[in-house]
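Protein chains: 2
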Amino acid sequence: MFPEMTDLKPYTPSATPAAEQSATPQTGIVMLNLGGPATLDDVQPFLLELFADREIIQLPFQRWLGPFIARRRTPKVRGLYANIGGGSPILRYTEAQGRGMVAKLDRLSPSTAPHKFYVAFRYTRPSSEDALRAMQADGIKRAVAFTQYPQFSCSTTGSSLNELWRASARTGLRDAFRWSIIDRWPVHPGFIEAMTETVREGLSQFAPADRSKVLILYSAHSLPLDVIDRGDSYPQEVGASVQRVVESLEAPNPYILAYQSDVGPVRWLGPSTEQVIRRLGARGVKQLLVVPIAFTSDHIETLSELDREYGEVAHQVGITQYVRAPALNDRPRFLEGLAEIVRDHLESGALYSTQYPVKCAGCTNPQCRNILNPASSAAVQRG
Amino acid sequence: MFPEMTDLKPYTPSATPAAEQSATPQTGIVMLNLGGPATLDDVQPFLLELFADREIIQLPFQRWLGPFIARRRTPKVRGLYANIGGGSPILRYTEAQGRGMVAKLDRLSPSTAPHKFYVAFRYTRPSSEDALRAMQADGIKRAVAFTQYPQFSCSTTGSSLNELWRASARTGLRDAFRWSIIDRWPVHPGFIEAMTETVREGLSQFAPADRSKVLILYSAHSLPLDVIDRGDSYPQEVGASVQRVVESLEAPNPYILAYQSDVGPVRWLGPSTEQVIRRLGARGVKQLLVVPIAFTSDHIETLSELDREYGEVAHQVGITQYVRAPALNDRPRFLEGLAEIVRDHLESGALYSTQYPVKCAGCTNPQCRNILNPASSAAVQRG
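Going down the list, the sequences are from chains A and B. At position 318 of the first sequence (counting the first as 1) the number is 318 in my numbering, and the numbers step up by one without a gap. My numbering runs 383 ahead of the 1-based position in the second sequence.
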């Protein structure tokens with residue numbers, strides 16, 4: 001289950017495998033994600049960026065309390081990354097996804113080819129600024145901001161997009177590109193079919209006689225209830241993703257949806273994945289397949305939390321076979337799926353989904369749900 | 384929008400339109416629902432039953448506190464029912480649904496015909512005991528417990544099923560019928576297509592130029608967070624229903640999902656429908672279509688809460704056109720849908736859905752997820 005980490009290197013702009021991509025790209029695809037520290041020395045800077053982002057965490061006196069919490073958590077989080085090979089594999093997987101996606105996309109959408117991908121992580125390099133500068137150097141005019149989170153949340157995709165527009169202003173590149181946005185894809189067949197493959201592979205690790213009875217625990221990252229109460233669309237879209245994977249699986253396995261990774265004193269959306277595992281064990285469940293439904297690449301929440309931490313919990317409560325389905329990572333069906341998502345977006349001519357303009361009912365952030373320099377003259381709605 | 388209430392009468396067993404149904408039924412379909420007080424004098428008994436149900440409300444010293452709260456709330460709730468015509472129309476609609484369903488089902492599934500429907504309300508007459516005794520009188524052997532809640536929750540369908548099995552014991556009819564269960568149907572095409580019709584009718588009330596831009600607010604009954612944290616599957620299934628209706632609608636309207644009807648001091652699942660309406664109004668939204676996504680018949684939560692209470696809120700905050708999509712009620716496509724759901728269930732030979740045996744991870748109720756006297760010898764799984 002653990003990927004090899006030995007070839008991980010700290011990011012430098014030249015590490016982007018530009019040579020494998022076309023030299024004269026017509027369309028730039030900016031892959032937006034959280035990112036993760038590539039090495040142990042990147043952990044503290046990563047946490048400092050994370051705890052400074054008021055779109056994901058709102059603290060009193062954030063300018064002082066944010067760095068304080070980030071520094072205090074650094075040793076523990078360094079230890080977690082040390083245990084999974086010394087850093088996050090997210091850049092490596094994102095680049096593999098980008099390469100596969102672009103190769104397929106050039107065939108699927110010749111009229112917008114050649115395509116080139118750029119990585120824009122929210123809390124580590126390559127940043128939005130890195131991606132924008134690389135696009136400028138390549139002479140890109142048409143750009144697609146492509147979130148790598150299947151389900152929309154203001155705290156993930158929303159934050160990444162707002163940062164992309166701010167970075168465009170900071171770098172003086174506000175007018176350099178014509179933008180459109182792929183802001184969510186919770187039930188796109190390219191995602192659902194690839195997810196279904198991962199569930200099948202997880203199930204294949206159980207004895208054939210047990211396979212159709214194994215309980216499947218879909219796990220998504222949780223959100224604080226204050227975010228839910230503002231009207232974040234994430235839980236509705238996660239529920240839809242789960243339903244579609246269950247249907248696509250065409251298997252009789254029962255399932256549960258739970259939410260992981262809650263921290264701190266505030267109340268988060270439940271049920272908690274860890275609590276569910278404890279309670280299932282206490283009730284005598286012996287076999288469990290856990291499926292990460294809201295992440296596309298392995299990272300600390302899969303490799304450390306699901307595999308190690310909750311794996312240990314499962315062991316303690318008597319679950320004898322605890323399997324975690326593989327993340328999508330560089331699975332060929334997923335690379336195809338990413339290309340299909342971009343192809344469908346480009347063919348539609350839409351600037352963004354019909355849901356993108358709908359601000360959370362309780363939103364107070366004037367930055368939200370904007371688009372810079374839209375690619376078409378279609379009216380830009382505001383919700 | 385308001386149905387005529389003048390023909391409502393208090394329930395007596397003979398009010399069931401048996402003459403319209405076959406005299407020698409082969410299959411009994413028990414339609415499970417909450418029920419509602421048919422007259423103002425039924426309000427207090429209804430509330431007493433509701434506040435005595437520990438599967439929906441858990442109070443300290445429930446045997447004393449439940450009746451106390453029920454009696455204290457009676458005058459206010461009587462007033463609400465007086466305002467919507469003097470009682471709940473749910474029995475009238477359930478009987479219309481049953482008649483339409485059975486007529487269609489006899490054609491769709493001749494091998495199990497004639498079918499006859501029976502109504503079993505949780506907190507009012509006709510009760511589970513009424514339904515069971517009527518089935519016995521009709522000589523029914525094969526029975527289907529058919530929840531009228533599209534999405535499963537322990538506090539609705541779970542409570543109704545547990546009561547059905549208890550009532551079977553109380554009436555000495557434990558062995559009288561061979562049972563199977565339709566425990567959920569959140570994305571059945573018969574439900575989704577009928578729901579989509581109601582949304583289209585709601586949209587048709589807006590001027591053609593505005594129709595494609597109207598914000599749609601899907602509203603489901605909320606649940607206390609303690610129920611969510613135990614692992615109730617309701618929010619996942621509601622999210623799936625909404626996604627499917629949005630897709631089926633094939634319209635560009637943006638949407639929000641919110642939860643209504645939270646009461647008391649505990650925290651409920653959000654965002655709150657009322658809060659969302661207030662906030663949308665404050666942001667300048669002028670047109671809103673509200674769609675009840677988790678109810679099949681008009682009742683106090685649509686006729687009073689959505690239409691009157693939230694309609695007044697919408698007016699106060701400057702929403703100039705507030706429309707509530709019609710409930711499914713006796714819509715022909717929904718009657719067909721109910722028949723299709725039962726037909727698919729009977730054809731499958733399943734005792735219940737693959738999800739039914741999955742108890743909430745935090746469940747402590749040994750009654751939950753049982754089936755009495757199952758119709759087939761298929762193994763009965765427990766989750």
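Quick reminder that beta carbons are idealized off the backbone N, C-alpha and C, glycines included.
query                                                                                                                                                                       : result
Going by beta-carbon coordinates alone, are H188(A) and A294(A) separated by less than 8 Å?                                                                                 : no
Give the secondary structure of H698(B) by DSSP, where H, G and I count as helix, E and B as strand, and everything else as coil.                                           : helix
Taking beta-carbon pairs under 9 Å, can you tell me which members of the region 640 to 653 of chain B lie near chain A?                                                     : L640, A641, R650, L652 and G653
Within 8 Å of any Cβ in chain A, is that where the Cβ of Q626(B) sits?                                                                                                      : yes
Could you tell me the alpha carbon to alpha carbon distance between S212(A) and F152(A), rounded to whole angstroms?                                                        : 32 Å
Excluding the 5 residues preceding and the 5 following F843(B) in the sequence, name in chain order all residues of the same chain whose CB lies nearer than 6 Å to its CB. : Outside the modelled stretch of chain B, which goes from 384 to 766, sits residue 843(B), for which no answer is possible.
According to DSSP, what are the bridge partners of Q287(A)?                                                                                                                 : Q321(A)
What are the residues that DSSP puts in a beta bridge with V144(A)?                                                                                                         : I29(A) and S180(A)
Does the beta-carbon of G462(B) have 16 or more other beta-carbons within 10 angstroms, so that it is buried, or is it exposed?                                             : exposed
With distances taken from CA atoms, which of G411(B), P408(B) and D609(B) is nearest D645(B)?                                                                               : D609(B)
List the residues of chain B that T196(A) touches, going by C-beta distances under 8 Å, in chain order.                                                                     : Within 8 Å Cβ-Cβ: nothing; T196(A) doesn't reach chain B, min ~16 Å.
Can we say the region 359 to 377 of chain A touches the region 139 to 156 of chain A, given the rule of at least three CB pairs closer than 8 Å?                            : yes
Is the number of C-beta pairs between the region 692 to 711 of chain B and the region 725 to 734 of chain B that are closer than 8 Å three or more?                         : no
Under a three-way DSSP split, which group does K213(A) fall into?                                                                                                           : coil
Please classify H728(B): does DSSP put it in a helix, a strand, or coil?                                                                                                    : helix
Would a check of beta-carbon distances place N253(A) closer than 8 Å to chain B?                                                                                            : yes
Please classify F444(B): does DSSP put it in a helix, a strand, or coil?                                                                                                    : coil
Can you name the start and end residues of the alpha helix (DSSP H) that A169(A) belongs to?                                                                                : S159 to R170
So the candidates are S304(A), G158(A), R178(A) and S248(A); which of them puts its Cα closest to the Cα of Y234(A)?                                                        : G158(A)
In angstroms with no decimal places, state the Cα-to-Cα distance between V290(A) and Y322(A).                                                                               : 8 Å
Is A520(B) buried or exposed, if buried means 16 or more other CB atoms sit within 10 Å of its CB?                                                                          : exposed
Taking C-alpha atoms, which residue in L663(B), Q643(B), P569(B) and D612(B) lies nearest to V597(B)?                                                                       : L663(B)
Measuring only the C-alpha atoms, how far is S736(B) from P252(A)?                                                                                                          : 9 Å
Compare the C-alpha of L671(B) against each of V700(B), G483(B), E723(B) and Y464(B) and name the closest.                                                                  : V700(B)
Can you look up V45(A) in the DSSP assignment and give me helix, strand or coil?                                                                                            : Note on residue identity: the sequence assigns Pro, not Val, to residue 45(A). Three-state DSSP puts P45(A) in a helix.
Spatial neighbours of F191(A) within its chain, please: CB distance less than 6 Å, with the 5 preceding and 5 following residues excluded, ordered by chain position.       : P150, W185 and G337
Could you work out which residue in S219(A), I319(A), A131(A) and H299(A) is closest to S272(A) when comparing CA atoms only?                                               : S219(A)
Alpha carbon to alpha carbon, what distance is there between L632(B) and F620(B)?                                                                                           : Looking at the sequence itself, residue 620(B) is Glu, so the reference to Phe does not match. About 18 Å.
In three-state DSSP terms, what is P186(A)?                                                                                                                                 : coil
At what residues does the beta strand (DSSP E) containing V119(A) begin and finish?                                                                                         : H115 to F121
Give a yes or no on whether the C-beta atoms belonging to F121(A) and M101(A) are separated by under 8 Å.                                                                   : no
May I ask you to list, following chain order, the residues of the region 319 to 353 of chain A that have a beta carbon less than 8 Å from some beta carbon of chain B?      : none
Shorter than 8 Å from the beta carbon of P497(B) to some beta carbon of chain A?                                                                                            : no
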